[in-house]
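Working notes for the structure below.
Residue numbers (the working numbering): 3 to 202.
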């Protein structure tokens, strides 16, 4: 009888995924400072040694959790805008910005990306990591808008930085608002006017 045994690489990947899932759940519920490593390993069903084999420390796990959340956000936005990008890149950019803001109001996403990450990672690293995930998508949509004559010919990189900066500030505004739904609508309208200013 053949026994299916997982390889070491598969076991390592499964352990890492379990730790990230546990960290995402716990950090999303209570924040970085209020979650201990013992809780994380218990939630993940692994040993403390496994945690430190995968990550240098709790902050290392948080970075992986943050990256996981950001990758999930970008994947959802890419799927959403992919359907419209060819016909109307600026409309796709507006739609992606709105979706980003909506996703940032989800409790787990809100807590990890907007409340915890700036303090745990530090402002500079938080900004740099955030741009690493969404920048190419934003710049690609701007480039497509220019290529189709929808937007004024100009360098795409600085314009993408400005758009990402405005989007990050909009998300932080929503995060601090008492009424996040109303705040989302308000800043989305502002972002759409900014995107409209790109047009020819």
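Ideal placement from N, C-alpha and C gives every residue a C-beta, glycine not left out.
Annotated as proximal: residue 29 and residue 67, with beta-carbon spacing under 9 Å. Measuring C-alpha to C-alpha distances from residue 56 to each of 13, 171, 165, 93 identifies 13 as the nearest. Around the Cβ of residue 181, a 10 Å sphere holds fewer than 16 other Cβ atoms; the residue is exposed. The beta carbon of residue 20 is closer than 8 Å to those of 46, 47, 48 in its chain, skipping five residues each way along the sequence. Exclusion of the five residues before and after residue 128 leaves 119, 120 as the residues of its chain whose Cβ lies within less than 6 Å of its Cβ.
Remark: C-beta atoms of residue 137 and residue 69 do not approach each other more closely than 9 Å. DSSP, read as helix, strand or coil, puts residue 93 in helix.
Going by DSSP, residue 120 is part of the alpha helix (DSSP H) stretching over 119-123. Take the alpha-carbon of residue 78 and the one of residue 11: they are about 28 Å apart.
DSSP assignment within the stretch 105-191 yields the following whole alpha helix (DSSP H) runs of 4 residues or more, N-terminal first: 119-123, 125-149, 158-178.
The shortest CA-to-CA distance from residue 53 to any of 76, 71, 23, 74 is the one to 23.
The stretch 183-199 makes contact with the stretch 90-106; the number of CB pairs closer than 8 Å reaches 3 or more. Excluding sequence positions up to five before and after residue 200, its CB lies within less than 6 Å of the CB of 153, all in the same chain and listed in chain order.
In the three-state DSSP reduction, residue 46 falls in the helix class (H, G or I).
Just so you know, the alpha carbons of residue 158 and residue 202 end up roughly 15 Å apart. In chain order, 106, 177 place their CB closer than 7 Å to the CB of residue 112, counting only its own chain and leaving out the 5 sequence neighbours on each side. Rounded to whole angstroms, residue 186 and residue 35 show a C-alpha spacing of 28 Å.
As computed with DSSP, residue 66 is found in no beta bridge at all.
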